Structure formats: structure tokens, C-alpha cells
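Peer 1:
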Amino acid sequence: MHDDPIPHYFPSRMEGDRLDVTGILRSRLEREPGRAILSFGGDPWTAGRIRERVISVQARLAQEGVGRGARVAVMLENSPDHVALIYALILMGAVWIPVNTRLKAPGIEYVLGHARPDLLICGEAFEPEVLAACQIAGYDRLLPEAALAAAVVPAGGALTCAPVGPGDLLCIIYTSGTTGAPKGVLFSHRMLRIAAESVLLVADVRAGDRLFLWEPLCHIGGAQMLLVPFLADATLHLVPRFSASRFWDQVAEGGCTQVHYLGGILDILMRLPSRPATHTLRVGWGAGVAKANWAAVRDGMGIALRECYGMTEGSSFATLNAEDRPGSVGKALPWLSVELLDDQDRPVPVGEPGQVVVSSRVPGTFFSGYLDNPGATREALRHGKLYTGDMARADADGYLYFVGRRTDSMRIRGENVSAWEIERIAATHPDVAAAAAVGVESGIGEQDVLLYVQWLEGREQAFDGLSAWLGDRLASFQWPRYYASVDRFETTPSERIRKHRLPRALDGAWDRLAASRVGSGMA
Numbered sequence: 077m078h079d080d081p082i083p084h085y086f087p088s089r090m091e092g093d094r095l096d097v098t099g100i101l102r103s104r105l106e107r108e109p110g111r112a113i114l115s116f117g118g119d120p121w122t123a124g125r126i127r128e129r130v131i132s133v134q135a136r137l138a139q140e141g142v143g144r145g146a147r148v149a150v151m152l153e154n155s156p157d158h159v160a161l162i163y164a165l166i167l168m169g170a171v172w173i174p175v176n177t178r179l180k181a182p183g184i185e186y187v188l189g190h191a192r193p194d195l196l197i198c199g200e201a202f203e204p205e206v207l208a209a210c211q212i213a214g215y216d217r218l219l220p221e222a223a224l225a226a227a228v229v230p231a232g233g234a235l236t237c238a239p240v241g242p243g244d245l246l247c248i249i250y251t252s253g254t255t256g257a258p259k260g261v262l263f264s265h266r267m268l269r270i271a272a273e274s275v276l277l278v279a280d281v282r283a284g285d286r287l288f289l290w291e292p293l294c295h296i297g298g299a300q301m302l303l304v305p306f307l308a309d310a311t312l313h314l315v316p317r318f319s320a321s322r323f324w325d326q327v328a329e330g331g332c333t334q335v336h337y338l339g340g341i342l343d344i345l346m347r348l349p350s351r352p353a354t355h356t357l358r359v360g361w362g363a364g365v366a367k368a369n370w371a372a373v374r375d376g377m378g379i380a381l382r383e384c385y386g387m388t389e390g391s392s393f394a395t396l397n398a399e400d401r402p403g404s405v406g407k408a409l410p411w412l413s414v415e416l417l418d419d420q421d422r423p424v425p426v427g428e429p430g431q432v433v434v435s436s437r438v439p440g441t442f443f444s445g446y447l448d449n450p451g452a453t454r455e456a457l458r459h460g461k462l463y464t465g466d467m468a469r470a471d472a473d474g475y476l477y478f479v480g481r482r483t484d485s486m487r488i489r490g491e492n493v494s495a496w497e498i499e500r501i502a503a504t505h506p507d508v509a510a511a512a513a514v515g516v517e518s519g520i521g522e523q524d525v526l527l528y529v530q531w532l533e534g535r536e537q538a539f540d541g542l543s544a545w546l547g548d549r550l551a552s553f554q555w556p557r558y559y560a561s562v563d564r565f566e567t568t569p570s571e572r573i574r575k576h577r578l579p580r581a582l583d584g585a586w587d588r589l590a591a592s593r594v595g596s597g598m599a
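Under the working numbering, residues 77 to 599 are what the sequence shown spells out, in order.
1) Report, in whole angstroms, the separation of the C-beta atoms of V304 and L277, which I expect to be a contact under 8 Å.
2) From I197, F442 and A472, pick the residue whose C-alpha is nearest to that of V426; which is it?
3) What is the DSSP secondary structure of K407, counted as helix, strand or coil?
4) Based on the DSSP secondary-structure assignment, which residues constitute the bridge partners of V198?
5) Check whether the Cβ atoms of L357 and V335 sit closer than 8 Å, and answer yes or no.
6) Whole-angstrom Cβ separation of I173 and V148, contact assumed at under 8 Å?
7) Could you spell out the range, first to last residue, of the beta strand (DSSP E) harbouring T122?
8) With DSSP collapsed to three states, give me the class of F263.
9) Hey, out of Y558, L589, E566 and F565, whose CA is closest to D583's CA?
10) Reducing DSSP to helix, strand and coil, say where V432 ends up.
11) Which complete alpha helix (DSSP H) runs does the stretch 262-331 hold, if anything under 4 residues is left out?
12) Could you name the residues of the same chain whose beta carbon sits closer than 6 Å to that of H190, not counting the 5 residues immediately before and after it, in chain order?
13) L516 and D466: beta carbons closer than 8 Å?
14) Given that a residue counts as buried once 16 or more other Cβ atoms are within 10 Å of its Cβ, and exposed if not, what is P423?
15) Which residues does DSSP list as the beta-bridge partners of L546?
16) According to the neighbour-count rule (16 or more other Cβ atoms, all chains shown, within 10 Å of its Cβ), is L165 buried or exposed?
17) Over the uninterrupted alpha helix (DSSP H) stretch that includes Q523, give me the two end residues.
18) May I ask which residues mark the beginning and end of the alpha helix (DSSP H) holding L357?
19) Near V479, which residues of its chain fall below 7 Å by C-beta distance, leaving aside the five closest residues on each side in sequence?
20) Count the other C-beta atoms from every protein chain shown that fall within 10 angstroms of the C-beta of D157, then say buried if there are 16 or more, exposed otherwise.
21) Beta-carbon within less than 7 Å of G403's beta-carbon, same chain only, minus the 5 sequence neighbours each way: which residues are those?
22) For N369, which three-state DSSP category applies?
23) Is it buried or exposed, T254, if we count other Cβ atoms within 10 angstroms and call 16 or more buried?
24) Whole angstroms are fine: how far does the CA of R322 sit from the CA of R347?
25) Quick one: give me the first and last residue of the alpha helix (DSSP H) that Q211 is part of.
26) Measuring CA to CA, which of G241, W324, T354 and I197 is closest to C294?
27) Looking at the unbroken beta strand (DSSP E) that takes in D466, where does it start and where does it end?
28) Consult DSSP for T254 and reduce its assignment to one of helix, strand or coil.
29) Quick one: Cα of V97 to Cα of C237, how far?
30) Excluding five sequence neighbours on each side, which residues of the same chain lie with their C-beta closer than 7 Å to the C-beta of A551?
31) Where does L589 land, buried or exposed, given buried means 16+ other C-beta within 10 angstroms?
32) Are there 16 or more other CB atoms within 10 angstroms of the CB of D285, so buried, or fewer, so exposed?
33) Using CA coordinates, which residue listed in P230, A234, S264 and G233 is at the minimum distance from L246?
34) Name the one or two DSSP bridge partners that Y337 has.
35) Report the CB separation of E106 from L262 in whole angstroms; it is logged as a contact under 8 Å.
36) Could you check which residue in A283, D325, L195 and W411 has the C-alpha nearest to that of S436?
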């Protein structure tokens, strides 16, 4: 992999820097032990303290046979130990496989079968679902979180740092950005570095800033922040998960200056009965503030909004709106170019929707492919460009506005949700003949799921039973909110359901949250 010939693209780039991860991570951990990295529950973690934890974790992993190239799946809640584990894997040259903590047994079993990890590290809260998945998959390489927590620094312990390069595989992140089974994004060391550099730019990070980190570390939204304290004079204020009721207290405890928003969290915060008269937040950065709500959110929260767009396959970020243009995702970041193309790869006119296609001036910005999925890889990577599958339009000034997914998927609370994943589980219900999931407008950011159900003859039932059954098998962001019955689906000659013919109106649909029908008619 060649070095980027133009260093000024990236905020922390220095001459001779290969845009790697391990060199900076090792240097900061070993040479700056007093450097503040993160806080958790009011407990500060310096580089020296994290280094000791990384050494102990690496020793325990070595006992399990983990070394360079080993695949390690991780299903843990946010904590300093989780952060130290990720740093340990990166420095060892192992391949980190983050497992979404909201997955149930079927989703976990899919990851085990597809990624074939050499080890799975599991938190106590997730053990019932993990054990069920392991039984289905015939998998027995499980290491409980408690065993890792008990690890101690060996006598004379030192950091284990494997020889890895910027293009080497750092992790496999599963994404459900399109129809079909989840795809494993092959994510390199350089991609994580670029993602972190992007955070510095997108979040307007300045000396002394404290970034509020609530996103699960299994999500690119959380993972991309882990290098920030090693690239800038900034720290992370880590919390276990997003909590609306505790949000402002946590911000005050950490003196936080930035918050990353996904899904409808800003809408949720705006609906709280009260907000502090003053606070330390300066910037909200992320995706999901509608044009109609822009001024109310900006002024009500008392923060600058910096809306952006991107995807895991392209090192997370592609565009930034730093000019307070309501509803816009802005323009391409300095090392990228964005085109809006039609189905024949022709540029679309101003104001017309086209597929977002991204190219980069820096080698290694895009992923190398999807794990064991050459067809999907060819579809996404063409002519040296990343075809995102997303649609946007541009105004006369070149500012972009996100339109929606080109493919059959939904955006639920910051997660791309494949209809296929929901439908394959629903179809295994003993009384369901077929099912189709579609996205509908949500009152709190992005979308909700409406599930159409064709019951087996004579087996129709109330939706509360089906909904509860699905809730036990789907992640919370996959769990349909609305339900409606059809006598029979209209299908194509190849027996595919014509989902574009299904109405998105909610009249007569059963609402899981209201536990009653919206409108009238449907059982």
C-alpha cells in the first residue's frame, strides 16, 4: 500500500506517517503513561493504566492460542476492559469481530458460522443467547468475560506488538445495508485510522475536548472514536449505553463537549420534560436531523449541528455539513469525491436523485471486500469507486441531501436493517406462510418496521403472540413495531414478493407499542 502523498488531508497527519494504527497506539501507551485517555463512571483511565490492562489481556489471550491473524469475536457491553481488549487485539495483529450486543441466538449463530472465529469472548448478560447459538452452531471456543477480567500482568510483562501494515485486516464488521444475509466488511488498520481522523474533522475536535461515547463499541459509530485520544489532545467519556434519563447528568459528570447522534436520540432528548439551563456540549455530529426539525433541535439543545453521511465500507465518513444548512449532509471530505449517478453510471441533473458513488485520493480508504461474498463485493467496488447503494440529490451549490436506501432495507435507530433478516425469522413461525417487512415513517427519527404476514390456512391469530415470539428472536432494532395481514402476497414469476406494491400506510395495522390497532380493520 502506498503512502498518501498529501499529508494535509488529515488533522493529525505528520510527515512519514503511514496512516497506520499500531505505531501511534503503541507509542502513546508506552511513552505517555500519564496521558488521559478516557473516563468511566467518574473513574479516570490514563495511558499507563490502560497499558497494564492491555498487557494482562494479551497474556490471557495468548493462553487461548490467539496470535497474529486469529479471529476473535467479541460480545461485550461498553467498559474500559472492553476498550483495552480491542487495543490488545489490534496490537497483536488479531482480527477483531465485533458482535452486535442486541442480537439474539439466530443472529449470533449466523456470525459464528460465517466468520468462523477462533475464540468468542462473551459478557455475562449475553450468555443465554450466546450459549443457545453455540449449541446450534456446534461451537465450543467460548471465553467468559469474567475469565478475561481475572487476567493479571505477568512478571516482566510487555506489550505484544505484531508486525502489521496499514492494509492488514483489523476487523470484520457485520452490516445489514442491503437485502440478504448480513455481510462481513473486511476493515483494515488504515480504515480505522482514517475513520478516527474523520472524527477529528467532523466533530470539530479541539484541544481539551471530551467526547461523549455512548455508542456500542460493536458499531462503527463507537469503534471510530477509540483512536481519538491518541491523535489529539482530547479524551473520551465512556458510558455503558445511551440513557435519555441519565444523559444530562452524564454530560455534566464528564464535562463533555461533543455528542455523536444516530437514529432519533436527539428527538428523544428534545422530548424530555426539562433540560439544564447551561451545559458543556458544543457540537452534535452525526445523522438523522430532519430539515423541519433542524432549528428546533439546534436551538433547543444549544449546540451546533454537523450532519454527515457515510458507511462502514468507506471508513465511515464521506460528507460533512459544517455550514448549518438544514437537512443537508454537506459536501465530500477533502480526500474524497462524491458523484450522483443513474443506473447507467451517468451523472444526474441538479435536484434529481442518484446513487451516491464515492472515490478517494488516498489508497486504502475503502474496504477490500465482503467476507466470502464476491458477488456483493463486485457490486460495491467498481472502477476503483465505492457504489454505496444510497440515493441522494444535490442542490445548485453542490450540497447533498440524503434521499434513502436504493435497496430493500430500512434505517432503524441508527442501524441498517435488512428486511431479509426479519423475514427469514418470521417465516419459521409455525403459523406463518410468508412475511414481508417494509420501512414506514417513524415519529422519532428514521423509520419503523411494518411486517406483512400471510398466515397458513386456518392458522390466523392475534398479532400480540407473533410479536412476542419475534421479540425473543430478533434484535431490538429488528423487531417490527407494526403488523398487518394479507390473504396472499402478489409475487413475481420467480416467486419473489412484489414488496413495492405493499402500502406503507398504517391504517388498520396493529401497533406493538400501543398494543392496539391504528385506525381500524386489521386483526
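All C-beta atoms in this analysis are idealised placements derived from N, C-alpha and C, irrespective of residue type, glycine included. Just so we're clear, the structure is a prediction, and the values are computed from it rather than from any experiment.
Peer 2: Reading off the structure:
1) Numbered from its first residue, the sequence shown carries residue 304 at position 228. Numbered from its first residue, the sequence shown carries residue 277 at position 201. No, V304 and L277 are not in contact; Cβ-Cβ is about 11 Å, not under 8 Å.
2) As a working mapping, residue 426 is identified with position 350 in the sequence shown. Of I197, F442 and A472, the residue nearest in Cα terms is A472.
3) As a position in the sequence shown, residue 407 is number 331, starting the count at 1. Secondary structure at K407: strand, using DSSP grouped into helix, strand and coil.
4) By 1-based counting over the sequence shown, the position of residue 198 is 122. Per the sequence shown, residue 198 should be read as Cys rather than Val. In DSSP, C198 forms a bridge with M151 and P220.
5) Position 281 of the sequence shown, counted from the start, is the residue given in the question as residue 357. Position 259 of the sequence shown, counted from the start, is the residue given in the question as residue 335. In this structure, V335 lies closer than 8 Å to L357 by Cβ.
6) Sequence index remark: in the sequence shown, residue 173 carries index 97 (1-based). Sequence index remark: in the sequence shown, residue 148 carries index 72 (1-based). The Cβ separation is near 7 Å, so the contact holds.
7) Numbered from 1 along the sequence shown, position 46 holds the residue referred to as residue 122. That run of the beta strand (DSSP E) goes D119 to T122.
8) Counting from one through the sequence shown, the residue named residue 263 turns up at place 187. Correct three-state label for F263: strand.
9) To locate residue 583, count along the sequence shown from 1; it is residue 507. Comparing Cα positions, the closest option is Y558.
10) For the purposes of this step, residue 432 is identified with residue 356 of the sequence shown, where counting begins at 1. In the structure shown, V432 sits in a strand (DSSP, three-state: E or B).
11) 265-278, 296-299, 304-307 and 323-330
12) Residue numbering aside, residue 190 sits at position 114 when the sequence shown is read from its first letter. So the list is empty, once near-sequence residues are dropped.
13) As a working note, residue 516 is residue 440 in the sequence shown. As a working note, residue 466 is residue 390 in the sequence shown. Note on residue identity: the sequence assigns Val, not Leu, to residue 516. Against a cut-off of 8 Å, the Cβ pair of D466 and V516 comes out as no contact.
14) For the purposes of this step, residue 423 is taken as the residue at position 347 of the sequence shown. By the 10 Å Cβ count, P423 comes out exposed.
15) Here residue 546 corresponds to residue number 470 of the sequence shown, with the count starting at 1. According to DSSP, L546 bridges with nothing at all.
16) In the sequence shown, the residue the question calls residue 165 occupies position 89. Residue burial annotation: L165 is buried, with at least 16 other C-beta atoms found within 10 angstroms of its C-beta.
17) For this step, residue 523 is matched to residue 447 along the sequence shown. Element bounds for Q523: not the alpha helix (DSSP H) but the beta strand (DSSP E), Q523 to W531.
18) Translated into positions along the sequence shown, residue 357 becomes position 281. Note, L357: premise wrong, no alpha helix (DSSP H); not H, not E.
19) Residue 479 sits at position 403 when you count from the first residue of the sequence shown. These residues qualify, in order along the chain: P429, M467, A468 and R469.
20) Locating residue 157 in the sequence shown gives position 81, counting from the first residue. The residue in question, D157, is buried, as its Cβ has 16 or more Cβ neighbours within 10 Å.
21) As a first step, residue 403 must be located in the sequence shown, where it is residue number 327. Same-chain partners within the cutoff: A366, K367, W370 and Y477.
22) Counted from its first residue, the sequence shown places residue 369 at position 293. DSSP places N369 in helix when its eight states are reduced to three.
23) Taking the sequence shown and counting its residues from 1, the one referred to as residue 254 is at position 178. Note that T254 scores 47 on pLDDT, short of 50, meaning its location in the model is unreliable; the coordinates nonetheless yield the value given after this. By the neighbour-count rule (16 or more Cβ atoms within 10 Å), T254 is buried.
24) Here residue 347 is taken as the residue at index 271 of the sequence shown, counted from 1. Here residue 322 is taken as the residue at index 246 of the sequence shown, counted from 1. C-alpha separation (whole angstroms): 14 Å.
25) On the sequence shown, residue 211 is found 135 positions in, with the first residue counted as 1. It spans E203 to A213 - the alpha helix (DSSP H) in which Q211 sits, taken as one unbroken run.
26) Locating residue 294 in the sequence shown gives position 218, where the first residue counts as 1. Ranking G241, W324, T354 and I197 by Cα distance to C294 puts I197 first.
27) For the purposes of this step, residue 466 is taken as the residue at position 390 of the sequence shown. Looking at the DSSP string, the run of the beta strand (DSSP E) that includes D466 is K461 to A470.
28) Numbered from 1 along the sequence shown, position 178 holds the residue referred to as residue 254. Residue confidence is low: T254 scores 47 on pLDDT, short of 50, so the model does not pin down where it sits. Its coordinate-derived value is still stated next. Coil at T254, not helix or strand.
29) Position 21 of the sequence shown, counted from the start, is the residue given in the question as residue 97. Position 161 of the sequence shown, counted from the start, is the residue given in the question as residue 237. C-alpha separation (whole angstroms): 11 Å.
30) Against the sequence shown, residue 551 aligns to sequence position 475. Here the set comprises N176, R178, L179, K180 and G183.
31) Reading the sequence shown from its first residue, position 513 is the one you call residue 589. Flag for L589 reads exposed.
32) The residue you call residue 285 lines up with position 209 of the sequence shown. Counting Cβ neighbours within 10 Å, D285 comes out buried, since at least 16 surround it.
33) Sequence index remark: in the sequence shown, residue 246 carries index 170 (1-based). Closest option to L246, Cα to Cα, is S264.
34) To locate residue 337, count along the sequence shown from 1; it is residue 261. According to DSSP, which records beta bridges pairwise, Y337 is partnered with G362.
35) Here residue 106 corresponds to residue number 30 of the sequence shown, with the count starting at 1. Here residue 262 corresponds to residue number 186 of the sequence shown, with the count starting at 1. So it is not a contact: roughly 29 Å between Cβ atoms.
36) Walking along the sequence shown from the start, residue 436 turns up at place 360. With distances taken between Cα atoms, S436 lies closest to W411.
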